[in-house]
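Protein chains: 2
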Amino acid sequence: MRATYKKCLGLLLISGLLLSLFYAWSPGTSSRVDIRSRQRGRIQKLLQGKIQDTISVYQDIGYHIKDDVASHLAQNTCVCRANEDTFQLPFSNPLFPRVWAHDIVLAFLESHPDPSGVKRHRAQEYGSFQKRSYNPADVLIVAEAISPLQYPTQGVKVRPLKTIIIPGLGLKEETGPNHTVYLTASLGTFDVAATVDRVSVEGGGEKHMILSSPLLSALNRQLQFVTYTNTVFHPKTADTVLFATDVHQSFFTIKVEHGIIPKLYNTGNPKEYNISALVTFATKTFLRYDKLKDLIDSIRQYYPSVTIVIADDNEHPQAVTGPHIDHYIMPFRKGWFAGRNLAVSQVTTKYVLWVDDDFLFTANTKVERMVDILEKTTLDLVGGAVREATGYTATYRHTISVEEGGEEGDCLHIRTGYHHVIEGFPNCVVADAVINFFLGRTDKVQQVGFNPRLARHGHLEFFIDALGSLHVGSCSDVIVNHASKIILPWTKTDSDKAYDKFRYSSSSAENDIHKEDFYFKNRLKCMTSH
Amino acid sequence: MRATYKKCLGLLLISGLLLSLFYAWSPGTSSRVDIRSRQRGRIQKLLQGKIQDTISVYQDIGYHIKDDVASHLAQNTCVCRANEDTFQLPFSNPLFPRVWAHDIVLAFLESHPDPSGVKRHRAQEYGSFQKRSYNPADVLIVAEAISPLQYPTQGVKVRPLKTIIIPGLGLKEETGPNHTVYLTASLGTFDVAATVDRVSVEGGGEKHMILSSPLLSALNRQLQFVTYTNTVFHPKTADTVLFATDVHQSFFTIKVEHGIIPKLYNTGNPKEYNISALVTFATKTFLRYDKLKDLIDSIRQYYPSVTIVIADDNEHPQAVTGPHIDHYIMPFRKGWFAGRNLAVSQVTTKYVLWVDDDFLFTANTKVERMVDILEKTTLDLVGGAVREATGYTATYRHTISVEEGGEEGDCLHIRTGYHHVIEGFPNCVVADAVINFFLGRTDKVQQVGFNPRLARHGHLEFFIDALGSLHVGSCSDVIVNHASKIILPWTKTDSDKAYDKFRYSSSSAENDIHKEDFYFKNRLKCMTSH
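Below, the structure written as structure tokens:
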């Protein structure tokens, strides 16, 4: 009885111990991580010092500036210059379009109650943004010449908290009694996946490891088995590694990041081409149900079962029904870009086609051509052409570039035109902005998004936000018609009048939002445009 | 008269010429660009050959594998192993949680009418995806030892079609009668911003440039003025540059990309803390207007003027009114993640707080604490804790990792737990997934998005999609209450019964969508989880 009693007591004690262990121990590394700001570590400072030494030599040797090249280099700050003094020939504007300059800083600050406050606020927000986006993999590193060290300068990547073999490490020096290399990291540890005879490994499993051997070839063989394990978790950063001998130092980065998780769309059997499984049409409507109905009727002549997503911010929404129609009701006057962002957020197909609610599909509106170019190239978005009742067809191609400025902000430059014609697609070009009739990869368009603050008008803002994310093209042979804008005043319908009144009456509040977003959100100083 | 006549004719001819020039000349580079697939150029092939040579030496020297390290290396493929054979003590599950394994490939393909077809289709889509995401800046490059060449290995960036000086170029060899270096690129041209006496420059303005001089110091001074101009437009790529002497070759990349255009939010005067300018609350509602009303009432006790965005896909939507409430009506049963994506797409403030429609705010629901940690750290999203009526409080912290697999797909591993405690925030940790009560940076949450195909349930899918994009944290001291789920069957309201019937009845179609998205969209092979 006593034995059983003791066993029970023992079991109870063990269970109690287990339970208290459970409460005390949480599953996770108990180490702490400081994510308050990106401190430059010891290795980073060493690296910066070395670069300074490397590039400050030969200062005594003279040179002659080559203006035609030097003038293309970015300066410390950027400027926006209009070209008011261009000789203006009659009919010359299409040939030599005039460049306008807009001072964004002035336009926004002059009407602001607290200009110095908002300047400071913007600088603060930008500072936090820079700290968050800082990645050691972007820092300048220069490879020393005549270094005995061989090492990978690019392409080394480890998933967070995982282990890899570091490829390409080596040492080339004159044979001697002893050969030693040192490896140091900040966010991870080193070890060896295999050992080689006559090589001593000191600090395996730590942030600083020393390998040495009297035999150079053995040390080199050992260097082929050096591993790096990331120990300080971060979803997307890089560890700067110092690889050195007693005399020489080299630096390289190991990127610490997850692999890209793909977003692949299952569009059904590739042999059975099904446009409805590939594309969703999206539009925003306000005060123009008649035009919207005409649009839908015209679409259905050619695409009877493609899903149409409609974002609607009318005050008194009407039902918009029909098969494959998804109608979303928004609060009254939420606006243009809010509606675009809503519509696009609901798309589940691989591609989304943006159409305005006053477009009309015709036999020339071959969406399949747009799908074709996105399937076959690296483009993420391709615009088409919009044909007015007069026959005038617009593709609205623009190029956009941003010049780095100083504290005042960057300079935005917008020009009509494009970059290149696309090989294999003679009617198509690469540009940065296109007309408001385009097919885009849904996941990429969703990633850029449409700024929901822009209520009444906006177009290029999307493409400015898309810079660097979207590869943009434009094909002039996929044409949609624009419901006629040539309406004599006495023939305008009530809905036309209501729409015009709403859309085209300028609102200073609306303009203020645009100015604010250029100044604050995009941190711009000024812009030039055609 | 004749002179005037001639002048007029002359003017007409000039105008005619100008007009025809206009039609013939379109503003843009007339060159073509091939964006159909990423061909590996000559330089890339040279680089690959060199790496092969570099790493295939010393093969004759033996080694002994270190299992404890080697076992952590990724294999050619990945596996998902359950731990069914763990000794299961009573009460041991929290301490030694069982790991389950799910074969995603099997689950999806076994019920598919055309398994080999969909496998092929997935491989095809993945291939296109890889081609589009390929960037020469990710390719492995190894710096040769004892090379006379000095060059930048990281950090060189040029904006598309712009010009930069390449930093850090140099040559260190024994002085001789002649010193020559060669520079070759594919997507741009070289030149010099300044010339140095006694250095000959051949090929300035072209893709291949040769610099030579009898004076080594002069050549090195000249190398400080070498420029690179990107000429083949691409919004985000890299040019691999070959920098060589007659005997030695080195490779480095120049990234070609726009700078990051920031998305900064103007949250008003930082001195006047205004939670309404900083945060928008977002929720999705279905069949639970009573609970939604309770949520709103509880919010308003503490946050009278924060905007609440509500996505509503009820069949017969009721009005939800009140100041600072934005109510969006969706097509009936569009679903959970579609509603989340919609709500988040409408947010214009810096942060968005996700709440479920059956939460209740209390004095412990201090959103300011969540704002504080996002303001002060590099976190993009921070979860709180949800308290059940029983007092049980959940943070639902999980870690997620993806192991690279082969053709069959990757392996997803989900575990309860976290990575580190956050310095300065003792109740907060870094994790990969958290509970459905979180504050996030609006732009980052919008970039990840909520997959609108997931209609009835879904949670971790968002965090899987967020891997690598969001830095996720969790604080246990910001608590929201969960409206009691402990309802005796006879006290359930009609809306409770309707909701349960809808939410919890399993739909094979719904499960099929989840399986399909794991298999196809995320290209997974299997997963393990607690």
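First to last, the sequence lines map onto chains A and B. When you read off a place in the first sequence, starting at 1, and then add 452, the result is the number in the working numbering. When you read off a place in the second sequence, starting at 1, and then add 452, the result is the number in the working numbering. C-beta: ideal position from N, C-alpha, C; glycine also.
Quick check on the DSSP output: the beta strand (DSSP E) that includes residue i runs from which residue to which?
| i | result |
| --- | --- |
| A/Y803 | 803-806 |
| A/Q701 | 701-709 |
| B/F695 | 688-696 |
| A/I618 | Note, A/I618: premise wrong, no beta strand (DSSP E); not H, not E. |
| A/R821 | Where A/R821 is concerned, there is no enclosing beta strand (DSSP E), although the alpha helix (DSSP H) it sits in stretches over 819-828. |
Give the range of the alpha helix (DSSP H) segment to which residue i is assigned.
| i | result |
| --- | --- |
| B/P600 | First-last for B/P600: undefined, no H or E at that position. |
| A/F877 | Premise fails: A/F877 lies in the beta strand (DSSP E), 877-883, not in any alpha helix (DSSP H). |
| A/N672 | 668-675 |
| B/E855 | No alpha helix (DSSP H) contains B/E855, which is instead part of the beta strand (DSSP E) from 850-855. |
| B/S926 | Not the alpha helix (DSSP H): B/S926 falls in the beta strand (DSSP E), residues 924-934. |
| B/G836 | Not the alpha helix (DSSP H): B/G836 falls in the beta strand (DSSP E), residues 833-839. |
| A/A553 | Taken as a continuous stretch (DSSP letters only), A/A553 belongs to no alpha helix (DSSP H), being part of the beta strand (DSSP E) at 552-555. |
| A/Y977 | Sequence inspection shows Lys at residue 977 of chain A; the Tyr mentioned does not correspond to that position. Segment 976-981 is the beta strand (DSSP E) holding A/K977; no alpha helix (DSSP H) there. |
| A/G569 | 567-585 |
With which residues is residue i paired in a DSSP beta bridge?
| i | result |
| --- | --- |
| B/K736 | B/A763 |
| B/M640 | It should be pointed out that residue 640 of chain B corresponds to Gly in this sequence rather than to Met. In DSSP, B/G640 forms a bridge with B/N682. |
| B/Y780 | B/A763 |
| A/S797 | The partner list for A/S797 (beta bridge, DSSP) is empty, contrary to what the question assumes. |
| B/S652 | B/S664 |
| A/V731 | A/Y803 |
| A/I866 | A/I852 |
Relative to the C-alpha of residue i, which residue among the options is closest?
| i | options | result |
| --- | --- | --- |
| A/Q798 | B/I760, B/C460, B/M782 | B/M782 |
| B/F733 | B/A763, B/D742, B/L906, B/K707 | B/A763 |
| A/F889 | A/T845, A/A670, A/L525 | A/T845 |
| B/S523 | A/D643, A/Q504, A/P588 | A/D643 |
| A/Y717 | A/K802, A/T697, A/A771, A/P588 | A/K802 |
| A/P714 | B/N793, B/E913, B/H872, B/Y634 | B/E913 |
| A/G861 | A/G607, A/S585, A/E562, A/F972 | A/F972 |
| B/L525 | B/Q582, B/R673, B/G857, B/S702 | B/G857 |
| A/K497 | A/I507, A/V591, A/A575, A/W806 | A/V591 |
| A/E859 | A/G835, A/Y578, A/L623 | A/Y578 |
Can you grab the Cα-Cα spacing for the pair residue i / residue j, in whole Å?
| i | j | result |
| --- | --- | --- |
| B/G480 | B/G640 | The pLDDT assigned to B/G480 is 47, lower than 50, so where the model puts this residue is not dependable; a value taken from the coordinates is nonetheless given after this. Roughly 17 Å separates the two Cα atoms. |
| A/N682 | A/T689 | 11 Å |
| A/R454 | B/T842 | 40 Å |
| B/V653 | B/N974 | 51 Å |
| B/S478 | B/Y725 | Reliability fails at B/S478, whose pLDDT of 47 lies under 50, so the model's placement of it is uncertain and no value is given. |
| B/K609 | A/S580 | 22 Å |
| B/D746 | B/F811 | 8 Å |
| A/Q511 | B/M661 | 24 Å |
| A/P722 | A/V485 | 48 Å |
| A/D884 | A/I748 | 29 Å |
| A/D649 | A/I593 | 34 Å |
| A/K896 | B/L922 | 17 Å |
| B/L739 | B/R572 | 41 Å |
| B/V557 | A/S928 | 43 Å |
| B/I751 | B/V761 | 13 Å |
| B/G620 | B/Q676 | 7 Å |
| B/I507 | B/E625 | 25 Å |
Would the beta-carbon of residue i fall within 8 Å of that of residue j?
| i | j | result |
| --- | --- | --- |
| A/C532 | A/T980 | yes |
| B/I887 | B/A837 | yes |
| B/A646 | A/K518 | yes |
| B/Y870 | B/V882 | yes |
| B/T605 | B/F704 | yes |
| B/K736 | B/G774 | no |
| A/T851 | A/R867 | yes |
| A/V678 | A/L635 | yes |
| B/T814 | B/S926 | no |
| B/A595 | A/Y586 | no |
| A/L668 | A/L601 | no |
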